[in-house]
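> In this text, residue positions in the sequence shown follow our numbering: the first is 1104, and each later residue adds one. Glycine is no exception: its CB is placed at the ideal position from the N, C-alpha and C atoms.
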Amino acid sequence: MGIKLGLVGLGSFGTAFAPLFASHPLVDSVILCDAEPDRIENNLKNAAVAAKTVGKVLSLDEICKSDCDAVAVITQPQLHAPQCIQVLESGKYVYSAVPVISLPDDQEILDWCGKIIETVQRTGMEYMLGETTIYRPQTMFCRRMAKEGLFGDFVYAEAEYAHDLDSGCSLREVAKQRSTGKIGEKLAEFYHPYRERGCKSHPMSYPTHSVSGVVDVMRSKPLSVSAIGYRNANSDPYFKNYDFSNIVAFFKMDNGCSFRVAEMREISANIGLQGEDFRLFGTRGSYSMNEWRNNGRTAPTPEKKPNVATKYTDEQMRDPLPPEVTAAFRAALNIKDGDSDFVPSGHGGSHPYLVHEFVSAVYERRRPKVSAWDAATYMAMGVAAHQSAQKDGEIVKVADFGKVWD
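Laid out in structure tokens, this is it:
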């Protein structure tokens, strides 16, 4: 017998995940939930979703009262943390879209991270953050290399999320979409008290795409950070409530590695690293832009050890999904047998992997990857970076939530 899953939030992002969650072989049935009934009906047009839907509800309260084993929360980012806690309190595992929560108050972000951890510990339920970078090809590849010790000692890393406000995925349009509908029309009212207190938004309030890959591969904790921010200079209305449009941070990690992170919302083009990407350098091996270099230097030697470079495709770097899961996802996405092989899609192909990890964790009753502790670490890095930027690069300690890496 498989699991029963609640899907909450069926807007454009939730709709991208619904067929994957519904079609997974370990999912027996789903309940759809959204404040907008037409969104529920729109998702039922997908045969895989319709085949397993056993209920339709309009509120999180109804989902929490149901007999679901777990709930995926893909709602507005300012709602994530309280809604996830409500799900955990109801005795269910919970999956959260990123980030943990989006607020212009740094201390409140940390407080919500602590509340989620406390709720996980008290209820025995589990939380998973749906951070896409964890299942991008480069992260999966570098995890394997690190597990085999092929990096040697980590010495330097850099990562970035370069998402200009007028990029293909326009941040202006995203903001407009989030301000519509029953939930969106309350957004201005929600943020009004923060604006009254002078709280400003900033790119490091959503640091998970940039920091998570390197932190996960190294399994290292951040200790402190120095950061510099760039303030929008042309009075663009999008940045009206931002104190910085770009922040570049330099972290000291507990394994001795230096880690540069850039979160940029105002940049003409990202030449070099692409979007959500990272470079990672060790004493033996290094990774950058689908290329692996290894010097074979395992012990002190007077002999020269030149690097050997190997270029990989995304497909070569990915971990395999179980064949039955791949077959189910193919059917859900209407890929015919005669068409090309199943190619994972969504944020570098991460979506199917996120779904598989969460569903498997619920079925096996175990802690999922990207746990509450992982998520809190990522958010704490962003908070500390912003606090440092506000102080012109003063070194700031990163909040420690007590995670001991597995």
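What beta strand (DSSP E) runs, 3 residues minimum, are completely inside the region 1286–1324?
Fully enclosed beta strand (DSSP E) runs of 3 or longer: not present.
> Return the first residue and the last residue of the beta strand (DSSP E) that residue 1353 is part of.
1349–1356
> Could you name the residues of the same chain whose beta carbon sits closer than 6 angstroms to that of residue 1478, not counting the 5 residues immediately before and after it, in chain order?
1203, 1232
> Is DSSP giving residue 1363 helix, strand or coil here?
strand
> Taking buried to mean at least 16 other C-beta atoms within 10 Å of its own C-beta, is residue 1411 buried or exposed?
exposed
> Around the C-beta of residue 1397, are 16 or more other C-beta atoms found within 10 angstroms, so that it is buried, or is it exposed?
buried
> If you check the beta carbons only, do residue 1492 and residue 1347 fall under 7 angstroms apart?
yes
> Any idea which residues DSSP pairs residue 1397 with across the strands?
1388, 1411
> Buried or exposed: which applies to residue 1472, given that a residue is buried once 16 or more other Cβ atoms fall within 10 Å of its Cβ?
buried
> To which residues of the same chain is residue 1511 closer than 6 angstroms at the C-beta, ignoring the five residues directly before and after it?
Nothing about residue 1511 can be read from this structure; the chain reaches only from 1104 to 1509.
> Based on the DSSP output, what are the partners of residue 1106 in its beta bridges?
1130
> Consult DSSP for residue 1382 and reduce its assignment to one of helix, strand or coil.
strand
> Exposed or buried, which one is residue 1385 when buried takes at least 16 other CB atoms within 10 Å?
buried
> May I ask you to list the residues that DSSP assigns as paired with residue 1331?
Note: residue 1331 sits in a beta bridge opposite 1351.
> Can you tell which of 1173, 1182, 1234 has the C-alpha that lies nearest to the C-alpha of residue 1129?
1173
> In angstroms, rounded to a whole number, what distance separates the CA positions of residue 1114 and residue 1166?
17 angstroms
> With a cut-off of 8 angstroms, do at least 3 Cβ pairs link the region 1351–1370 to the region 1306–1322?
Contact check between the region 1351–1370 and the region 1306–1322: three or more CB pairs, one atom from each, fall below 8 angstroms, which counts as touching.
> What does a CB cutoff of less than 8 angstroms around residue 1357 pick up in its chain, not counting 5 residues either side in sequence?
Here the set comprises 1323, 1324, 1325, 1326.
> Buried or exposed for residue 1210, going by 16 or more other Cβ atoms inside 10 Å?
exposed
> Which stretch, first to last residue, makes up the beta strand (DSSP E) that contains residue 1158?
1156–1160
> How is residue 1263 classed by DSSP in three states: helix, strand or coil?
strand
> How big is the Cα-Cα spacing for residue 1179 and residue 1336?
29 angstroms
> Under the DSSP definition of a beta bridge, which residues are partnered with residue 1176?
1111, 1199
> What residue range does the alpha helix (DSSP H) around residue 1230 cover?
Segment 1230–1232 is the beta strand (DSSP E) holding residue 1230; no alpha helix (DSSP H) there.
> Measure how close the beta-carbons of residue 1293 and residue 1328 come, nearest whole angstrom, since I'm counting them as under 8 angstroms.
Not a contact, Cβ separation roughly 29 angstroms.
> Hey, could you find the ends of the alpha helix (DSSP H) residue 1431 is sitting in?
1426–1435
> Less than 7 angstroms between the C-beta atoms of residue 1341 and residue 1275, yes or no?
yes
> Using CA coordinates, which residue listed in 1149, 1150, 1135 is at the minimum distance from residue 1052?
Residue 1052 lies beyond the range of the chain shown here (1104 to 1509); nothing can be said about it.
> Which partner residues does residue 1135 have in the DSSP bridge list?
1110, 1159
> Which value, in whole angstroms, describes the spacing of the CA atoms of residue 1194 and residue 1315?
28 angstroms
> Do the region 1235–1243 and the region 1214–1227 touch if we need at least three Cβ pairs shorter than 8 angstroms?
no
> Counting C-beta neighbours from all protein chains within 10 Å, is the total for residue 1224 16 or more, i.e. buried, or is it exposed?
With fewer than 16 other Cβ atoms within 10 Å, it is exposed.
> Using the beta-carbon count (16 or more within 10 Å), is residue 1262 buried or exposed?
buried
> Whose C-beta lies closer than 7 angstroms to the C-beta of residue 1317 among residues of the same chain, with five residues either side of it excluded?
1260, 1262, 1362, 1381, 1383
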